[in-house]
DNA sequence: AAATGTCAATACGCTAGCGTATGGTAATCA
DNA sequence: TGATTACCATACGCTAGCGTATTGACATTT
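Protein chains in written order, with my numbering: chain S, 1 to 189; chain A, 1 to 189.
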């Protein structure tokens, strides 16, 4: 509840992280300044020092999310040289119950602003591109690689929602592992 | 803007339909009484005659959606006797840009109330069950049919979001057609 | 014709949340 | 040490939207 007990002063990053947590679990529309301030142990006065308004916060928070997501891929996926292994790694990662997936799935239906749509599109296209690359490197022609990566990515998106819908949250790591392996067997020849 | 120019009196169904339209395009959280009243050409006085409060409207609207969705399936999918043909019909239907899909994909990330989660789960389980039946009738064993239907349904959910997210970027109607055929080939042996 | 029922308009109070204005405090700098 | 800076608190006004209370206008029944 009060994760900044020792730290006296807040940074813009603290606010961004707080916003991302709300987005992950309740959606962008639930990002409210005063409740967030309470949670961080300060008042609005702090907020309007760091940000010009609510939209500013949302924008910065989503950009932060995009950067963190990119770093994750750069560290865990792209270094895998073998394309088949790389796809496997991606499927495994995509089934892990981490914040970036929660945020992504929440944004997918919460398109209240153009900010959201824009970032969502950019992130999706970028993710699709490295999936497609992997399939291309496995010998698919362009059209096949396009369709196949689109389908694989759809399975990922669908999985996020299904697990939320059917279990109330993302499944535990054992179930996720099992599912990832099954899907991988179907989608990686 | 004013679709009830001739009709003087509103019914509860009119309000439910209005709510469903908002849900389909903006999400449940955007369902507001006064704006909806304006759109329907009346005031709040009408609303509180037909419903006890906002939650009441949302609940009734979502139940209405579920019934309409069930009717659609009963009419267009279940009558197809051949299981392979039935799956094909379902994939075709699932790619059509009709309201029921819009609502479904919106609900998927807009889980503000328990009402939504409950209905969403019910609808999803029901849809999965007739998908699973089709695969069973095609000779899959229970575990396979379960996993396969889950994956097929994930592709459906993913497709809904992808087309929304990438609109204007990737899929023109020719690509969409190509993709649909590709997916069907992968998911229906 | 009177009474009742059905549906809607209007006026009101209430709350949550946004954004502004101003003041305060502790640290740092000149 | 006085002044400035960085950060936060407090108080205020404003709007959207919820829900209630009351009244009004037809339509139907008696």
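Ideal Cβ placement from N, Cα and C applies to all residues, glycine included.
Inset, instruction - Take residue 19 (chain S) and list the residues in its own chain whose beta-carbon comes closer than 6 Å to its own, dropping the five residues that flank it on each side. - result: As a first step, residue 19 (chain S) is located in the first chain; it is residue number 19 there, counting from the start. Answer for residue 19 (chain S): 31, 57 and 61, listed in chain order.
Inset, instruction - Let me know the alpha helix (DSSP H) ranges lying completely inside the region 97-185 of chain S, each 4 residues or longer, listed in chain order. - result: 99-107, 114-137 and 142-167
Legend entry - Cβ neighbours of residue 94 (chain A) in the same chain (closer than 6 Å, five flanking residues each side left out): Here residue 94 (chain A) refers to the residue found at position 94 of the second chain. Excluding sequence neighbours, residue 94 (chain A) sits near 156.
Legend entry - Boundaries of the alpha helix (DSSP H) in which residue 94 (chain A) is found, first to last residue: Position 94 of the second chain, counting from 1, holds the residue named residue 94 (chain A). Element bounds for residue 94 (chain A): 83-94.
Inset, instruction - Work out the CA separation of residue 184 (chain A) and residue 3 (chain S) for me, nearest whole Å. - result: Within the first chain, numbered from 1, the residue matching residue 3 (chain S) stands at position 3. Within the second chain, numbered from 1, the residue matching residue 184 (chain A) stands at position 184. Summary for residue 3 (chain S): the model assigns pLDDT 37, below 50, so the residue's position carries little reliability, and this model does not support an answer.
Legend entry - Cβ of residue 56 (chain A) within 7 Å of any chain S Cβ: Counting from one through the second chain, the residue named residue 56 (chain A) turns up at place 56. Taking Cβ atoms only, chain S never reaches closer than 7 Å to residue 56 (chain A), which makes this a no.
Inset, instruction - Starting from residue 159 (chain S), find everything on chain A with Cβ-Cβ shorter than 9 Å and list it in chain order. - result: As a first step, residue 159 (chain S) is located in the first chain; it is residue number 159 there, counting from the start. Residues of chain A passing the Cβ test: 150, 151, 154, 157 and 158.
Legend entry - Residues near residue 160 (chain S) in its chain [Cβ-Cβ closer than 6 Å; skip 5 each side]: What you label residue 160 (chain S) is simply residue 160 of the first chain in a count that begins at 1. Within the same chain, residue 160 (chain S) has close Cβ partners 101 and 105.
Legend entry - Under the three-state DSSP convention, the category residue 38 (chain S) falls into: Reading the first chain from its first residue, position 38 is the one you call residue 38 (chain S). Of the three classes helix, strand and coil, the one that applies to residue 38 (chain S) here is helix, per DSSP.
Legend entry - Simplified DSSP assignment, three categories, for residue 45 (chain S): For the purposes of this step, residue 45 (chain S) is taken as residue 45 along the first chain, with counting starting at 1. Looking at residue 45 (chain S) - three-state DSSP - the assignment turns out to be helix.
Legend entry - Chain-order list of residues whose beta-carbon lies under 7 Å from that of residue 76 (chain S) (same chain, five-residue window excluded): The sequence position of residue 76 (chain S) within the first chain is 76, counting from 1. Contacts found: 89 and 93.
Inset, instruction - Determine, using beta-carbon pairs with one atom in the region 104-119 of chain S and one in the region 20-30 of chain S, whether at least three such pairs fall under 8 Å. - result: yes
Inset, instruction - State the CB to CB distance for the pair residue 83 (chain A) and residue 138 (chain A), rounded to an integer number of angstroms; the pair is presumed to be in contact (CB under 8 Å). - result: In the second chain, the residue the question calls residue 83 (chain A) occupies position 83. In the second chain, the residue the question calls residue 138 (chain A) occupies position 138. Indeed, because the Cβ distance is near 5 Å, the residues count as touching under 8 Å.
Inset, instruction - Return the CA-CA distance between residue 67 (chain A) and residue 59 (chain S), expressed in angstroms with no decimal places. - result: Sequence index remark: in the second chain, residue 67 (chain A) carries index 67 (1-based). Sequence index remark: in the first chain, residue 59 (chain S) carries index 59 (1-based). Straight-line Cα distance between these residues: approximately 39 Å.
Inset, instruction - Compute the distance between the beta-carbons of residue 165 (chain S) and residue 120 (chain A), then report whether it is under 7 Å. - result: The count along the first chain starts at 1 and reaches residue 165 (chain S) at position 165. The count along the second chain starts at 1 and reaches residue 120 (chain A) at position 120. Contact: yes.
Legend entry - Bounding residues of the alpha helix (DSSP H) (the contiguous stretch that carries residue 53 (chain S)): On the first chain, position 53 is the one that residue 53 (chain S) refers to. First-last for residue 53 (chain S): undefined, no H or E at that position.
Inset, instruction - With DSSP as the reference, label residue 18 (chain A) as helix, strand or coil. - result: Counted from its first residue, the second chain places residue 18 (chain A) at position 18. Helix.
Inset, instruction - Would you tell me roughly how many angstroms separate the C-alpha atoms of residue 182 (chain S) and residue 110 (chain A), rounded to the nearest one? - result: Mapped onto the first chain, residue 182 (chain S) falls at position 182. Mapped onto the second chain, residue 110 (chain A) falls at position 110. Distance between the alpha carbons of residue 182 (chain S) and residue 110 (chain A) is about 29 Å.
Legend entry - Distance, residue 73 (chain S) Cα to residue 112 (chain S) Cα: Here residue 112 (chain S) is taken as the residue at index 112 of the first chain, counted from 1. Here residue 73 (chain S) is taken as the residue at index 73 of the first chain, counted from 1. Roughly 27 Å between the two C-alpha positions.
Inset, instruction - State the Cα-Cα distance for the pair residue 179 (chain A) and residue 131 (chain S), rounded to the nearest angstrom. - result: For the purposes of this step, residue 179 (chain A) is taken as the residue at position 179 of the second chain. For the purposes of this step, residue 131 (chain S) is taken as the residue at position 131 of the first chain. One C-alpha to the other measures close to 16 Å.
Inset, instruction - Check the Cβ of residue 166 (chain S) against every Cβ in chain A and list those closer than 7 Å, keeping chain order. - result: For the purposes of this step, residue 166 (chain S) is taken as the residue at position 166 of the first chain. Going along chain A in sequence order, the residues near residue 166 (chain S) (Cβ under 7 Å) are 121 and 124.
Inset, instruction - Select from A:34, A:85 and A:177 the residue whose C-alpha is nearest the C-alpha of residue 44 (chain A). - result: The residue you call residue 44 (chain A) lines up with position 44 of the second chain. The alpha carbon of residue 44 (chain A) has as its nearest neighbour, out of A:34, A:85 and A:177, the alpha carbon of A:34.
Inset, instruction - Can you have a look at residue 146 (chain S) and say buried or exposed, based on whether 16 or more other CB atoms are within 10 angstroms of its CB? - result: Here residue 146 (chain S) is taken as the residue at index 146 of the first chain, counted from 1. Residue 146 (chain S) should be labelled buried.
Legend entry - Beta-carbon contacts of residue 10 (chain S) that lie in its chain and below 8 Å, excluding the five residues immediately before and after: One-based indexing of the first chain puts residue 10 (chain S) at position 10. So the list reads 4, 40, 42, 46 and 50, once near-sequence residues are dropped.
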